[in-house]
Structures are given as C-alpha cells and as structure tokens.
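Participant:
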Amino acid sequence: MDEILHTDLAPGECRELLAAMSQPLLQWYDRSARVLPWRERPTPYRVWVSEIMLQQTRVAAVLPYFERFVTALPDEQALADAPQDQLLKLWEGLGYYNRVKNMQKCAREVVACHGGRLPGDYCALLKLPGIGAYTAGAIASIAFGQRFPAVDGNVLRVMARLISCDSDILQPRVKKAFGELVLSAMPHHRPGDFNQAMMELGATICLPNTLPLCPSCPLGDICRGRALQTHHHLPHKAPKKAKRNEQWTVVVARWQGRILLQRRPESGLLGGMYQYLCLPGHLGAEECQQQLAAQGFCVHTLRPLGAAKHIFTHIVWQMEGYLADLSAPPQEPLYTLEEIEEQLSVPSAFAHYTRQLPTLPLPL
DNA sequence: AAAACGGGGGC
DNA sequence: GCCCCAGTTTT
C-alpha cells in the first residue's frame, strides 16, 4: 500500500488515525449535516437519482432539478417508460447527458431483471449501466445500510490531507487504495452516514484550493496534513492536457416565425439534443449565404447575431451567429418558441443565441 | 491507462 | 475571463 499511497505516516500511526476518525466525524455530521431533499426520504430510487445528479455536479446545481425529476418520474418503472425528449428536458443544463440515458437503460434493466426495484446487492448494482464503484457504494451504504466505501473527489481530498499523501488521486489504483483505507475506517454501524459525513466534510470544511476551514474541522486534531502544513497543496493531481479549438457558424434559420432545429446524433457530444443549423468554420455573411443556398435554403435576409464561446471539458467552441429569414419553407422541421422552451433540450452552449429568440427583429 | 463527456462556481 | 471541479464508459 505504501508504494501506492505515499505518506510518511508509519503503518501503526496510520491504523491509529483511521480508528480515531469515525466517532468525531459522525458526531460532527449529526450536528452539521445539511438538510437536503434526498436525505429526507432516502429510498433507493431517490438516493440513486441524487447520486447520479451529484456526479461531477455540486449540490447547489442539483437542487432545482431533483424534486422536478422525481415528481415527473417517481419510480424505476416511470423512468423506464419516459420518452427521451422528456428525459433530456428534465436534465437540460445539468450536463453529461449520458448520465440520464444510462439511468434509463438501468431502469429498464431493473424492471426486466430485478422486479422493478434497484437491487441492494453491491455487485448487482455494479453491473448496472451508469453505476460504477462510487455510485454502487453510495446506494449500498446510504439506501441499504451496507458497509461499502463511496469514494468521490471530496473523500479523496479529505483522505489525502488526513494522512498527508501526495499520490496522484487521478490514478485508478490510488482511488482503489483510498477505498480500502476508507473501508478500514468505516464503523459497522451507520456506514451510509459515515460515507456521507466524509463527503459533507469535503464539501463544507475540507475545501479545495481556498483555505480549508481547519479550525472548524472535527478531524483537525488528528489530521496529519494540517500538522505538517501540507494540506494546502493536497490532493495532488497530474496536469491535464490542453483543450482543442473548434470554430462553428451558428444559423438561427426562421420561417414564418418558427425556428429550424436539428437533432444531434444519438451518440457523442450532446447526443440527441437539438441545435440551430451549424456549419463548420467561421463563415462571413457572403460565404454563409452561399453555403445555405447550396444546402437548398432560400435565404431572404441574413443578419449577424454576434460571437459566442463555450468551453467544454475537452473542447472550446468558438461560434459566429446569423439570423437567416427564409423565403420558402425548409425541408427540415420548424419549432415555435414555446415548443423550444417547454419541450426541446437545446444545449446551453447555444445560450447566447437561445436568449435572443424572444427579441429577434421581425423579418424585413 | 487515457480520452470522452457539460456546466457552474470561485477568484 | 481564467482556473478548478470529477464518476463512468469507451477506446
């Protein structure tokens, strides 16, 4: 383990530290746990939905989505039966849309193979789409009271600082080793609360970058990172690679007040979501009009809508926009403003253009 | 093991 | 405006 989790803590000191943490941590959690909707009634379904939403996403961002989602789709069966457009609309703005598609795959599998209810068995959970080691551990421990670790970024940060470990937490083997460490520290009672307490500590006290609030930390007295003052630059992560740039011309094509939208391919970036007409490269008005004509559109007037930039994890989109009023109906489907707002999911990458929809100038 | 996959918040 | 955050699947 020492080879993977680099710490200057002696094995005996490390065991001692791990044995000493659960009691103050759980006491602190009992005092300080935030009141959150999925904690009120932690059914397996609600825990699952919340855990998937919370992947890569902060609590504050999830809050407006959770109640709406579980009200619209109250159980596994309802989720399995939902149309994809409704799913994407419920998820619009949360990002990582494969999460909700996998959730539906998972719901269908649960309906087919587990009697319509999420299984309580960790290994069975792990086999389901969209459920990896973290989510399986979270559901098994929080909803079913079983003793499994749920190692997210918060837990990695807390543990790395607690034992003053500078191993690269992005490495799979390091995550695995921290999972084993967490399990060794986990009490046999309240495993779900123990996991949630670790994450809560990372989210509210043991903060990234900005100074951790060590004076308020229930583990402050036993924290090796704090004692050594190494916690400021922990956890360690390997540097990330550069994003690639993409240039697009975004055309809001309009005919008789309705807007042309195209559905993106089912798989890949923003799969299945709707977008305005997109042409590769930054096109001048002249060139844009030419390409639209070549694609069979009868453009009456073309007006600039300004530039926009959107940054994904791995790509930067630089966009130039145009409003194209057509003089004849296009082949592809048109949508009213109301349909776009109420039913269709348009990625927030296009927010600069979507925002202008209600105030667009009338056709000349 | 590395890349694909969004969007929001802090400074 | 730039930097940081981070589970699961696919390659």
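Just so you know, we're using our numbering here: the first sequence kicks off at 1372 and counts up by one. Where a beta carbon is used, it is the ideal one built from N, C-alpha and C, also for glycine.
Name the DSSP bridge partner or partners of residue 1621?
Facilitator: Locating residue 1621 in the first sequence gives position 250, where the first residue counts as 1. For residue 1621, which the question treats as bridged, DSSP gives the partners 1649, 1692.
Participant: Would residue 1579 and residue 1602 qualify as a contact pair, given that the criterion is a beta-carbon distance under 8 Å?
Facilitator: Residue numbering aside, residue 1579 sits at position 208 when the first sequence is read from its first letter. Residue numbering aside, residue 1602 sits at position 231 when the first sequence is read from its first letter. No; because the gap between Cβ atoms is not below 8 Å, this pair is not in contact.
Participant: Measure the C-alpha to C-alpha separation of residue 1652 and residue 1644 and round it to an integer number of angstroms.
Facilitator: Here residue 1652 refers to the residue found at position 281 when the first sequence is read from its first residue. Here residue 1644 refers to the residue found at position 273 when the first sequence is read from its first residue. The straight-line gap from Cα to Cα measures roughly 21 Å.
Participant: If contact is defined by three or more beta carbon pairs under 8 Å, each pair taking one atom from either stretch, is the segment 1394-1406 in contact with the segment 1583-1596?
Facilitator: Touching, yes, given that three or more Cβ pairs across the two stretches are closer than 8 Å.
Participant: Just curious, the alpha helix (DSSP H) that residue 1389 is in, first and last residue?
Facilitator: Translated into the one-based positions of the first sequence, residue 1389 becomes position 18. That run of the alpha helix (DSSP H) goes 1382-1403.
Participant: As a quick exercise: from 1477, 1529, 1562, pick the residue whose alpha carbon is nearest that of residue 1516.
Facilitator: The residue you call residue 1516 lines up with position 145 of the first sequence. Comparing Cα positions, the closest option is 1562.
Participant: Scan the segment 1571-1628 and note each continuous alpha helix (DSSP H) run of 4 residues or more that stays entirely inside, going in chain order.
Facilitator: Runs of the alpha helix (DSSP H) inside the segment 1571-1628: 1595-1599.
Participant: Taking the C-alpha atoms as reference points, what is the distance between residue 1622 and residue 1537?
Facilitator: Position 251 of the first sequence, counted from the first residue, corresponds to residue 1622. Position 166 of the first sequence, counted from the first residue, corresponds to residue 1537. Taking the straight line joining both Cα atoms gives about 49 Å.
Participant: DSSP on residue 1686, reduced to helix/strand/coil?
Facilitator: Stepping through the first sequence from its first residue, residue 1686 is reached at position 315. Strand, per DSSP.
Participant: What are the boundary residues of the alpha helix (DSSP H) that includes residue 1456?
Facilitator: Within the first sequence, numbered from 1, the residue matching residue 1456 stands at position 85. Residues 1455-1462.
Participant: Less than 8 Å between the CB atoms is what I'm expecting for residue 1535 and residue 1596, so what's the real figure, rounded?
Facilitator: Looking up residue 1535 in the first sequence gives position 164. Looking up residue 1596 in the first sequence gives position 225. That pair is a contact at about 4 Å.
Participant: When the Cα of residue 1709 is compared with those of 1690, 1628, 1676, 1681, which residue comes out closest?
Facilitator: As a working mapping, residue 1709 is identified with position 338 in the first sequence. The residue with the shortest Cα to Cα distance from residue 1709 is 1628.
Participant: Where do the ends of the alpha helix (DSSP H) carrying residue 1431 lie?
Facilitator: The count along the first sequence starts at 1 and reaches residue 1431 at position 60. Looking at the DSSP string, the run of the alpha helix (DSSP H) that includes residue 1431 is 1430-1443.
Participant: Nearest CA to the CA of residue 1493: which residue from 1482, 1419, 1700?
Facilitator: Taking the first residue of the first sequence as 1, we reach residue 1493 at position 122. Comparing Cα-Cα distances from residue 1493 to each of 1482, 1419, 1700, the minimum goes to 1419.
Participant: How would you write the range of the alpha helix (DSSP H) that residue 1559 sits in, first residue to last?
Facilitator: Sequence index remark: in the first sequence, residue 1559 carries index 188 (1-based). No alpha helix (DSSP H) holds residue 1559; DSSP gives it neither H nor E.
Participant: In this structure, how does DSSP classify residue 1498 when only helix, strand and coil are distinguished?
Facilitator: For the purposes of this step, residue 1498 is identified with residue 127 of the first sequence, where counting begins at 1. It is coil, neither helix nor strand.
Participant: Are there 16 or more other CB atoms within 10 angstroms of the CB of residue 1691, so buried, or fewer, so exposed?
Facilitator: What you label residue 1691 is simply residue 320 of the first sequence in a count that begins at 1. Residue 1691 should be labelled buried.
Participant: Do residue 1413 and residue 1489 have their C-beta atoms closer together than 8 Å?
Facilitator: Walking along the first sequence from the start, residue 1413 turns up at place 42. Walking along the first sequence from the start, residue 1489 turns up at place 118. No, these two residues do not count as a Cβ contact at 8 Å.
Participant: According to DSSP, what are the bridge partners of residue 1677?
Facilitator: The residue labelled residue 1677 in the question sits at position 306 within the first sequence. Residue 1677 pairs with 1692.
Participant: From residue 1497 to residue 1401, what does the alpha carbon distance come to, in whole angstroms?
Facilitator: In the first sequence, counting from the first residue as 1, residue 1497 sits at position 126. In the first sequence, counting from the first residue as 1, residue 1401 sits at position 30. Answer to the nearest angstrom: the Cα atoms are 29 Å apart.
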